[in-house]
Amino acid sequence: MRTISYIAVHCTASPQSWGVKELQKVFEQRGFLRPGYHYVITADGEVHLMQPEGLISNGVKGFNKETINVAYVGGIDAKGKGIDNRTDAQKVSMRKLLSELHTRYPHAKIQGHRDFSPDTNHNGVVDPWERIKECPCFDVIPEYADL
Ligand SMILES: [Zn+2]
């Protein structure tokens with residue numbers, strides 16, 4: 001197994017009705033050789049494996065070699081604007097999945113995609129104005145700090 005330093009949380013930035021098939025199609029259209037995520041949680045709370053953890057996925061530019069990428073389906077409103085629209089079922093499944101992953105990779109840091117943005121003022125945290133994207137549209141680090 002490769003060394004895992006990060007467990008990155010994403011939203012798919014797609015309609016919340018989407019399943020794995022629709023996501024796979026978009027990755028193929030973008031020319032990705034690998035899917036963007038290892039795990040995807042659909043609105044019904046079901047966890048889908050898109051590829052084994054040992055393989056590198058295409059979620060966070062520059063960090064994929066050491067990262068497991070996890071996404072909930074959703075994250076945009078009807079106009080395409082970023083929004084935290086996780087269903088209760090997705091919240092429950094995400095917490096359970098992250099807890100399992102963290103047990104297996106205890107040294108990996110759980111953070112949102114946007115937390116990989118450069119800390120331009122070097123104060124040790126990625127401030128909201130430093131984010132190069134909003135994904136996954138909620139604050140991952142405090143939400144799972146207890147895991
Ligand atoms: Zn992302």
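Each step along the sequence shown adds one to the number in full-length UniProt numbering, with nothing skipped, and position 104 is 104. For every residue, glycine included, the Cβ atom is placed at its ideal position computed from N, Cα and C. Since this is a predicted model, take the numbers as computed values, not measurements.
Cβ neighbour criterion (16 or more within 10 Å) applied to residue i
| i | result |
| --- | --- |
| residue 86 | buried |
| residue 1 | exposed |
| residue 23 | buried |
| residue 17 | exposed |
| residue 42 | buried |
| residue 12 | buried |
| residue 147 | exposed |
| residue 78 | exposed |
| residue 145 | exposed |
Best match in the options for proximity to residue i [C-alpha to C-alpha]
| i | options | result |
| --- | --- | --- |
| residue 69 | 49, 82 and 92 | 49 |
| residue 135 | 35, 6 and 83 | 83 |
| residue 133 | 51, 15, 10 and 3 | 10 |
| residue 67 | 77, 55 and 76 | 55 |
| residue 19 | 31, 117 and 71 | 71 |
Alpha-carbon to alpha-carbon, residue j and residue i
| i | j | result |
| --- | --- | --- |
| residue 74 | residue 123 | 31 Å |
| residue 8 | residue 94 | 12 Å |
| residue 142 | residue 115 | 12 Å |
| residue 138 | residue 37 | 18 Å |
| residue 45 | residue 57 | 21 Å |
| residue 34 | residue 121 | 34 Å |
| residue 103 | residue 97 | 10 Å |
| residue 126 | residue 113 | 11 Å |
| residue 64 | residue 89 | 27 Å |
Secondary structure of residue i, DSSP reduced to three states
| i | result |
| --- | --- |
| residue 65 | helix |
| residue 7 | strand |
| residue 111 | strand |
| residue 71 | strand |
Test: residue i CB closer than 7 Å to a CB of chain C
| i | result |
| --- | --- |
| residue 147 | Here there is only one protein chain, and chain C is not present. |
Next on the checklist: Please enumerate, following chain order, all residues with a beta carbon closer than 5 Å to at least one heavy atom belonging to ligand 1.
Outcome noted: 10, 113 and 135
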